[in-house]
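Trainee:
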Ligand code: MV4
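Numbering (our numbering), first residue to last: 3 to 504.
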């Protein structure tokens, strides 16, 4: 029985995992880099240890340091969160070898799904539809040409060691083909140390729909329905929702069963996600499997009513999943917005810095997964995610209205952030109609980014107005000590308002 969990992560996900541990009566061990001494996960954990300098390589990716902390603190399990070591097969194996429970899948499942060519082959053998293309890696250029001409242009050349949008190259015409293959191989070699590439037919206007999976050691594998993740920017998801506006009950059933078959093909254990690409004819193809808890897991939790971290720990303890596929249903609609410290008006440039003020939205149907506080400095070394805001409603319309209300209430000053941009998406006609694919942001570029300056000017004005109001209140308590000749422009403005009211 797991009594103490080391959370090998930082930020909102470290806090998220520790919250479930607390509810389960499990002690938590935090680890932190020198840049994270004041981080929320350090405060929230029952005990915390520094594991190295700020760069991830030397801290959050430092397997030896993390294992040493687990031993020293007597943690019997490690939860990797997402990113960092979460999909590192060697780390999963190392935990096992050290007698520490890795809250996640086996090294075998991670490496099989991590190598995209092996994953494709495994899926084909399991009867899971994959995008038409090559089964083996490209070794011979004339053979590649033959395959490409058979499947037809355009094609995608993808690195076997890639994934999540990394190491992909689009080839539109025959003339670009040989150069495309060579460049893809050399890029793959320098990025991943492996030049294996494969070819897929290019799906023109795809939807990205993924299925949440849970699998236990007893052989129960079930799905917790889909998440629509098509609203992305440079392969970074911006908004996720469930149910998908594209889905039909019949398609959901077929995709769900396919996702279960995919997970079973690698003897999967724990929580995982099967990513599908869906074309306009509602044909779906396996894209890749994420062998971890995902950033967007809260929308599933809200609509299906399951604590995924609790189930991960339950499964890692060797217990069976306490419900069956037939018991699961989707209730209502959930949307998640990712709020980043970045500047949408300046090519989404990361904006590390100090949070001066934060007002967090609450109220019926709102979930807030965050970790920052006033005075906290978002470090420059890691992903600039500030928080995730999740709304729930009985219908999609109610869920959207609630998200708009929550974004309206959400105030952050000190760092530029994506709240305004997300509010704009929430009023884009294509989004409101649920008619969108992976091209949503570029297609709606003019609508999303018009009045660039107005946004910040209005916000600055609002802050000044609030401050005048605040001074106004102070003056009511304590009469002004300054003479009529003194005062700044806006004090004068404040005085005028007082005069008018008299
Ligand atoms: C594709 C594709 C079109 N055709 N594969 C991007 C992330 C990675 N998981 C795979 N990706 C894609 N693979 C074929 N054969 C288009 C994308 C893609 C995409 C997929 C999901 C969500 C957003 C995307 C944005 C651009 C491209």
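From the three backbone atoms N, C-alpha and C, an ideal C-beta is built for every residue, glycine too.
Quantities reported herein were computed from a predicted structural model and do not represent experimental measurements.
Give me, in chain order, the residues of the same chain whose beta-carbon lies closer than 8 Å to that of residue 31; leave out the 5 immediate sequence neighbours on both sides.
Mentor: If we look at residue 31 and ignore the five residues flanking it on each side, its Cβ neighbours are 6, 7, 8, 9, 47, 48, 49, 50, 51, 71, 72, 75, 77.
Trainee: Going by other Cβ atoms of all chains shown within 10 Å of its Cβ, with 16 needed for buried, is residue 356 buried or exposed?
Mentor: Classification of residue 356: exposed, given that the 10 Å Cβ count is below 16.
Trainee: Residue 15 and residue 106: beta carbons closer than 7 Å?
Mentor: No, they are not a contact pair.
Trainee: Here's the rule: buried if 16 or more other CB atoms are within 10 angstroms of the residue's CB, otherwise exposed. What is residue 502?
Mentor: Since pLDDT at residue 502 reaches only 45, below the 50 mark, its modelled position is unreliable, and the value read off the structure follows with that caveat. Label assigned to residue 502: exposed.
Trainee: Sort out for me which residues DSSP pairs residue 352 with in a bridge.
Mentor: Answer is 344.
Trainee: Report the residue ranges of all beta strand (DSSP E) runs contained in full by the region 135-193; include only those spanning at least 3 residues, in chain order.
Mentor: As far as the region 135-193 is concerned, its whole beta strand (DSSP E) runs of at least 3 residues are 157-165, 168-173.
Trainee: Is residue 444 a contact residue of the ligand MV4, with contact defined as CB to any heavy atom under 6 Å?
Mentor: Not under cutoff, so the answer is no.
Trainee: In angstroms, rounded to a whole number, what distance separates the CA positions of residue 325 and residue 229?
Mentor: Cα-Cα distance, rounded: 20 Å.
Trainee: Would you tell me roughly how many angstroms separate the C-alpha atoms of residue 314 and residue 101, rounded to the nearest one?
Mentor: Taking the straight line from one Cα to the other gives about 18 Å.
Trainee: I'd like to check one pair, residue 28 with residue 319: are the Cβ atoms closer than 7 Å?
Mentor: No. Outside cutoff.
Trainee: For residue 240, which option in 67, 390, 41 has the closest C-alpha, if you only look at C-alpha atoms?
Mentor: If we check each option's Cα against that of residue 240, 390 comes out closest.
Trainee: How would you write the range of the beta strand (DSSP E) that residue 410 sits in, first residue to last?
Mentor: Unbroken run through residue 410 is the alpha helix (DSSP H), 398-411; no beta strand (DSSP E).
Trainee: Buried or exposed: residue 499, going by 16 or more other Cβ atoms within 10 Å of its Cβ?
Mentor: Only weak support is given to the placement of residue 499: the predicted model assigns it a pLDDT of 42, under 50, and the value that follows is read from those uncertain coordinates. It counts as exposed.
Trainee: I want to check one thing, is the minimum distance from the CB of residue 205 to the heavy atoms of the ligand MV4 below 6 Å?
Mentor: Yes.
Trainee: Using 6 Å as the cut-off, classify the Cβ of residue 338 as near or not near the heavy atoms of the ligand MV4, replying yes or no.
Mentor: False, no ligand heavy atom lies under 6 Å from that Cβ.
Trainee: For a minimum of 4 consecutive residues, which ranges assigned as the alpha helix (DSSP H) are wholly contained in the region 248-305?
Mentor: List check, alpha helix (DSSP H) in window: 251-266.
Trainee: Pairing CB atoms from the region 328-348 with CB atoms from the region 379-394, are three or more of them under 8 Å?
Mentor: The region 328-348 vs the region 379-394: in contact.
Trainee: How far does the alpha helix (DSSP H) with residue 390 in it extend, from its first residue to its last?
Mentor: Run containing residue 390: none in the alpha helix (DSSP H); it sits in the beta strand (DSSP E), 387-395.
Trainee: Thinking C-alpha only, which one of 262, 388, 451 is nearest residue 348?
Mentor: With distances taken between Cα atoms, residue 348 lies closest to 451.
Trainee: Does the count of Cβ pairs from the region 238-256 and the region 86-93 closer than 8 Å reach three?
Mentor: The region 238-256 is not in contact with the region 86-93.
Trainee: Find out if the Cβ-Cβ distance for the pair residue 261, residue 215 is shorter than 7 Å.
Mentor: Yes. Within cutoff.
Trainee: Within the same chain, show all residues whose beta-carbon is closer than 8 Å to that of residue 359, passing over the 5 residues directly before and after it, in chain order.
Mentor: Around residue 359: 376, 413, 414, 415, 416.
Trainee: Report the three-state DSSP secondary structure of residue 116 (helix, strand or coil).
Mentor: Three-state result, residue 116: helix.
Trainee: Under a Cβ-count criterion, where at least 16 other Cβ atoms within 10 Å of its own Cβ denotes burial, should residue 226 be classed as buried or exposed?
Mentor: Residue 226 should be labelled buried.
Trainee: Thinking C-beta only, is residue 420 closer than 7 Å to residue 300?
Mentor: For residue 300 and residue 420, no; Cβs fall outside 7 Å.
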